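Note sheet for the following structure.
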Amino acid sequence: RKEVEQDPGPFNVPEGATVAFNCTYSNSASQSFFWYRQDCRKEPKLLMSVYSSGNEDGRFTAQLNRASQYISLLIRDSKLSDSATYLCVGEDDKIIFGKGTRLHILP
Amino acid sequence: DVKVTQSSRYLVKRTGEKVFLECVQDMDHENMFWYRQDPGLGLRLIYFSYDVKMKEKGDIPEGYSVSREKKERFSLILESASTNQTSMYLCASSYRQGYQPQHFGDGTRLSIL
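As given, the protein sequences belong to chains F and P, one line each in that order.
Numbered per the numbering used here, the first sequence spans residues 30 to 136.
Numbered per the numbering used here, the second sequence spans residues 471 to 583.
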């Protein structure tokens, strides 16, 4: 069974800190990966794609480690508004969502 | 601004009723998706469609059907609603070259009594 696994958290992190979490995938044939963000009682929103060479967008960095079959999301200088659930998605012949990692940024 | 619109934000129906959930997107996307999201289970794909009148089963199609008569509209149908179909239903769409859902609707919280 193809799986995308995430630590459900919650990660409680003080404002301004750097936080990172990983997502492991079981299917080595997976081609594409993405991170989504979902606020409480809201719809998921595409945050960023994950490329083999890594991907950086402002305070957010996504990386792919094919050898160990995981992707990571790093958030620098965390803000209160970063509090959300972060969903990892893997794609081969189908799209598989992880169950999400909850992040709470503490003032 | 791009938009995926679901017809109802909250819906309450009774067991055995036929339920229609409507989704419309204004981005001319080829792909449309229906997911349900439940605590502890995450997002699960019910059906998706990659073109008008085309549909593919997702991971949990049992008890559901779909209709895509026009490119912008993708309907989810609960043939005979049951209490285990109480859930948050999310519609999404994407361009053909990116199969992952790019834009989600606000969701419909459906309760089956």
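Glycine included, C-beta positions come from ideal geometry on N, C-alpha and C.
Note that the structure is a prediction, hence the values are computed from the model and not measured.
Query, Result
"Backbone secondary structure at residue 47(F) - three-state DSSP", "coil"
"Contiguous beta strand (DSSP E) assignments of at least 3 residues, all confined to the stretch 66-134 of chain F", "73-79, 84-86, 89-94, 99-104, 113-120 and 124-126"
"Cα-Cα separation, residue 559(P) to residue 127(F)", "17 Å"
"is_contact[residue 75(F), chain P] using C-beta, thresh 9 Å", "yes"
"Separation of residue 71(F) from residue 114(F), as counted between CA atoms", "10 Å"
"Strand pairing of residue 508(P), partner residues [DSSP]", "512(P)"
"Helix, strand or coil at residue 41(F) [DSSP, three-state]", "strand"
"Same chain, Cβ closer than 7 Å to residue 45(F), neighbours up to 5 away in sequence not counted", "106 and 107"
"Neighbouring residues, chain P, relative to residue 97(F) (Cβ below 8 Å)", "What residue 97(F) touches in chain P: nothing, since even the nearest Cβ is about 22 Å away."
"Cα-Cα separation between residue 59(F) and residue 535(P), rounded to whole angstroms", "28 Å"
"Local conformation of residue 501(P) per DSSP, three classes", "strand"
"Residue span of the beta strand (DSSP E) that contains residue 581(P), given as start and end", "578-582"
"Residue 555(P), DSSP secondary structure in three states", "helix"
"Proximal residues of chain F, C-beta to C-beta of residue 574(P) below 8 Å", "72, 73 and 74"
"Start and end residues, beta strand (DSSP E) containing residue 485(P)", "That residue, residue 485(P), is in no beta strand (DSSP E); it is neither H nor E in DSSP."
"Closest Cα partner of residue 502(P) within the set 477(P), 514(P), 564(P) and 532(P)", "564(P)"
"Opposing strand residues paired with residue 547(P) [DSSP bridges]", "490(P) and 535(P)"
"Delimiting residues of the beta strand (DSSP E) encompassing residue 34(F)", "33-35"
"Residues that residue 474(P) bridges to, as DSSP identifies them", "495(P)"
"Pair within 9 Å by beta-carbon distance, residue 39(F) and residue 133(F)", "yes"
"Cβ-based contacts, 9 Å cut-off: residues of the stretch 495-528 of chain P near chain F", "503, 505, 507, 510, 511, 512, 513, 514, 515, 518 and 528"
"Nonlocal neighbours in the same chain, by C-beta distance under 7 Å from residue 111(F), ignoring five residues either side", "104, 132 and 134"
"Buried/exposed call for residue 480(P), threshold 16 Cβ in 10 Å", "exposed"
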